[in-house]
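A.B. asks:
In our numbering, the protein residues as written are 34 to 473.
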């Protein structure tokens with residue numbers, strides 16, 4: 034991963050050296066008869082013309098720029114630079130164009146496909162078009178453009194600095210144990226640089242980032258953190274997924290429409306053990322047509338998870354599992370942010386207690402921040418609605434992006450990096466995929 038300045042290719046340097054040396058050591062021409070002098074020509078020495086020198090210089094500039102992918106934690110071997118060095122002329126230019134486009138795609142979208150963790154081996158059309166638009170401006174323009182395609186978020190930049198710092202420290206270290214620690218931390222940074230590349234590089238004027246690994250939810254304005262909230266995420270067997278969406282509306286005093294899997298596997302055993310909990314906690318039992326069913330008429334011990342024929346919902350109130358508010362961004366995972374009736378869980382350090390949704394401490398403060406751009410919804414109005422006990426939906430004037438992420442290295446406003454526990458054990462798969470370099 035050491036970064037080395039690249040000059041002219043080895044073959045071309047050797048050619049130039051030989052040519053210059055030969056010119057310096059040529060003996061003076063021998064006297065020849067006048068008749069032969071009239072028809073003889075002096076020996077010619079092959080020298081690179083200005084176009085060849087310009088092409089070599091441009092190649093050197095692009096190769097150096099692509100080598101700097103290591104500063105982003107990317108495997109430089111993926112771009113075939115050794116093979117490119119062995120080429121010349123139009124073949125080298127074509128190969129460099131392909132390498133630049135692929136490197137640009139990796140910076141802009143990630144080295145790996147987020148869903149499959151397979152390396153991207155084909156440039157995206159956007160980066161192909163970008164190369165075509167600026168190639169006439171020369172190698173310097175291509176090199177400088179490449180560096181701008183990576184995320185410019187302060188956290189990404191801080192992780193790049195930390196990667197360079199760790200590399201320097203490891204190079205200076207001779208203790209094997211310490212070198213191993215540096216290497217492990219560098220690997221962790223590489224994984225999280227990749228995860229940042231999976232995110233939109235512009236998070237929006239106002240955004241919400243829920244980080245599973247750090248158990249928190251952070252609000253951002255112009256990519257500067259404004260508030261942080263402790264949060265609870267999914268259990269190991271019901272992990273919170275990673276995805277991006279937009280917050281569209283908020284519901285105060287929500288009913289809880291209990292997912293079928295939770296009704297069968299969690300609520301049914303509770304009801305079988307103590308049926309009184311149904312009325313005490315505000316649950317309603319409905320048949321599959323939506324008609325209310327009196328829970329007292331049901332023999333709960335005769336109901337099995339496989340044949341569970343009911344829908345369950347829980348009314349607003351102090352026992353409601355969603356608490357006083359849920360923050361909605363409709364998605365296929367049925368995940369959202371919400372309050373909780375069990376505040377004691379926020380005192381735990383490892384907060385993996387939910388069935389996948391994100392429980393937020395002080396969620397009314399978060400809701401007020403989200404609704405800042407929605408007229409007539411200040412904190413006083415929110416409190417009044419909550420105190421009414423009535424379910425109330427508020428549609429946002431402008432949707433707010435939300436990103437549910439899994440970042441095991443995080444930074445603070447000073448750029449300091451904290452290494453977190455890999456609670457879902459997801460880092461190893463990403464690291465292994467990053468270390469795989471497709472054959473050229």
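We put the CB at the ideal spot given by N, CA and C, even for glycine.
Please tell me whether residue 466 and residue 150 are closer than 8 Å, where the distance is taken between their beta carbons.
C.D. replies: One-based indexing of the chain shown puts residue 466 at position 433. One-based indexing of the chain shown puts residue 150 at position 117. Their beta carbons are under 8 Å apart, which means residue 466 touches residue 150 by this criterion.
A.B. asks: Please check the pair residue 396 and residue 372, which I expect to be a contact at CB under 8 Å, by giving their CB distance rounded to whole angstroms.
C.D. replies: Working through the chain shown from its first residue, we reach residue 396 at position 363. Working through the chain shown from its first residue, we reach residue 372 at position 339. With 8 Å as the limit, residue 396 and residue 372 qualify as a contact, their Cβ atoms being about 4 Å apart.
A.B. asks: Hey, quick one: how far does the beta strand (DSSP E) through residue 244 stretch, first residue to last?
C.D. replies: The residue given as residue 244 occupies position 211 in the chain shown. It spans 239-244 - the beta strand (DSSP E) in which residue 244 sits, taken as one unbroken run.
A.B. asks: Per the contact definition of three or more C-beta pairs closer than 8 Å, is the segment 296-306 in contact with the segment 324-338?
C.D. replies: Contact between the segment 324-338 and the segment 296-306 is present, because at least three Cβ pairs lie under 8 Å.
A.B. asks: In angstroms with no decimal places, state the Cα-to-Cα distance between residue 102 and residue 426.
C.D. replies: Within the chain shown, numbered from 1, the residue matching residue 102 stands at position 69. Within the chain shown, numbered from 1, the residue matching residue 426 stands at position 393. If I take the Cα positions, the gap works out to 47 Å.
A.B. asks: Use the C-beta contact count for residue 111: other C-beta atoms within 10 angstroms, 16 or more gives buried, fewer gives exposed.
C.D. replies: Position 78 of the chain shown, counted from the first residue, corresponds to residue 111. It counts as buried.
A.B. asks: Mind checking whether residue 443 and residue 241 have CB atoms under 8 Å apart?
C.D. replies: Numbered from its first residue, the chain shown carries residue 443 at position 410. Numbered from its first residue, the chain shown carries residue 241 at position 208. Not a contact, by the Cβ cut-off of 8 Å.
A.B. asks: Ignore the nearest five residues each way along the sequence and tell me which others in residue 120's own chain have a CB closer than 7 Å to its CB.
C.D. replies: To locate residue 120, count along the chain shown from 1; it is residue 87. Closer than 7 Å at the Cβ level, and outside the excluded window around residue 120, lie 128.
A.B. asks: Leaving out five residues on either side along the sequence, give the residues of the same chain with a beta carbon under 6 Å from the beta carbon of residue 344.
C.D. replies: Counted from its first residue, the chain shown places residue 344 at position 311. Cβ within range, chain order: 319.
A.B. asks: Count the other CB atoms within 10 Å of the CB of residue 233; is the residue buried (16 or more) or exposed (fewer)?
C.D. replies: Position 200 of the chain shown, counted from the start, is the residue given in the question as residue 233. With fewer than 16 other Cβ atoms within 10 Å, it is exposed.
A.B. asks: To which residues does DSSP link residue 249 through a beta bridge?
C.D. replies: On the chain shown, position 216 is the one that residue 249 refers to. 244, 263, per the DSSP bridge assignment.
A.B. asks: Between the segment 357-367 and the segment 281-296, do at least 3 Cβ pairs fall closer than 8 Å?
C.D. replies: The segment 357-367 is in contact with the segment 281-296.
A.B. asks: For residue 324, count neighbouring Cβ atoms within 10 angstroms of its own Cβ and tell me buried if that reaches 16, exposed if not.
C.D. replies: Counting from 1 along the chain shown, the entry for residue 324 is found at position 291. Exposed, by the Cβ-count rule.
A.B. asks: Counting only runs of 3+ residues fully inside the segment 356-401, write out the beta strand (DSSP E) ranges in chain order.
C.D. replies: Counting whole runs of 3 or more residues, the segment 356-401 contains the beta strand (DSSP E) stretches 358-361, 385-387, 391-393.
A.B. asks: In the structure shown, what three-state DSSP assignment does residue 31 receive?
C.D. replies: Any property of residue 31 remains undetermined from this structure, which presents the chain solely from 34 to 473.
A.B. asks: Quick one: grab the DSSP three-state call for residue 429.
C.D. replies: Along the chain shown, one-based indexing puts residue 429 at 396. Three-state result, residue 429: strand.
A.B. asks: List the endpoints of the continuous beta strand (DSSP E) containing residue 276.
C.D. replies: On the chain shown, residue 276 is found 243 positions in, with the first residue counted as 1. Residue 276 -> beta strand (DSSP E) spans 276-285.
A.B. asks: In its own chain, which residues sit with a C-beta less than 6 Å from the C-beta of residue 244, not counting the 5 before and 5 after it?
C.D. replies: Here the question's residue 244 lines up with position 211 in the chain shown. Contacts found: 438, 440.
A.B. asks: On the premise that residue 370 lies in contact with residue 393, defined as a C-beta separation below 8 Å, what is that separation, rounded to the nearest angstrom?
C.D. replies: Here residue 393 refers to the residue found at position 360 of the chain shown. Here residue 370 refers to the residue found at position 337 of the chain shown. With a Cβ gap of about 5 Å, residue 393 and residue 370 count as contacting.
A.B. asks: With distances taken between CB atoms, is the gap from residue 256 to residue 236 smaller than 8 Å?
C.D. replies: The residue you call residue 256 lines up with position 223 of the chain shown. The residue you call residue 236 lines up with position 203 of the chain shown. Yes, the pair counts as a contact, with Cβ atoms nearer than the cut-off.
A.B. asks: Can you tell which of 297, 259, 204, 193 has the C-alpha that lies nearest to the C-alpha of residue 450?
C.D. replies: Within the chain shown, numbered from 1, the residue matching residue 450 stands at position 417. Among 297, 259, 204, 193, the Cα nearest to that of residue 450 belongs to 193.
A.B. asks: Using three-state DSSP, classify residue 450 as helix, strand or coil.
C.D. replies: On the chain shown, position 417 is the one that residue 450 refers to. Strand at residue 450.
A.B. asks: Along the chain, where does the alpha helix (DSSP H) containing residue 316 start, and where does it finish?
C.D. replies: For this step, residue 316 is matched to residue 283 along the chain shown. Run containing residue 316: none in the alpha helix (DSSP H); it sits in the beta strand (DSSP E), 316-319.
A.B. asks: Going straight from the alpha carbon of residue 125 to that of residue 95, what length do you get?
C.D. replies: Locating residue 125 in the chain shown gives position 92, counting from the first residue. Locating residue 95 in the chain shown gives position 62, counting from the first residue. In a straight line, the C-alpha of residue 125 is about 11 Å away from that of residue 95.
A.B. asks: Would residue 456 and residue 383 be called neighbours here (beta carbons separated by less than 8 Å)?
C.D. replies: Indexing the chain shown from 1 puts residue 456 at position 423. Indexing the chain shown from 1 puts residue 383 at position 350. Yes, the Cβ-Cβ distance between residue 456 and residue 383 is below 8 Å.
A.B. asks: In the DSSP assignment, what residue or residues form a beta bridge with residue 438?
C.D. replies: Against the chain shown, residue 438 aligns to sequence position 405. DSSP output for residue 438 lists 244 as bridge partner(s).
A.B. asks: Are the CB atoms of residue 140 and residue 186 within a distance shorter than 8 Å?
C.D. replies: On the chain shown, residue 186 is found 153 positions in, with the first residue counted as 1. On the chain shown, residue 140 is found 107 positions in, with the first residue counted as 1. Cβ distance not < 8 Å, so residue 186 and residue 140 don't count as in contact.
A.B. asks: Could you check the C-alpha separation between residue 166 and residue 98 for me, to the nearest Å?
C.D. replies: On the chain shown, residue 166 is found 133 positions in, with the first residue counted as 1. On the chain shown, residue 98 is found 65 positions in, with the first residue counted as 1. About 18 Å.
A.B. asks: Leaving out five residues on either side along the sequence, give the residues of the same chain with a beta carbon under 7 Å from the beta carbon of residue 249.
C.D. replies: Position 216 of the chain shown holds residue 249. Excluding positions up to five away in sequence, the list reads 261, 262, 263, 264.
A.B. asks: Looking at the strands, I want to know which residues DSSP matches up with residue 290.
C.D. replies: Position 257 of the chain shown, counted from the start, is the residue given in the question as residue 290. DSSP, once it has assigned bridges, lists 346 as partnering residue 290.
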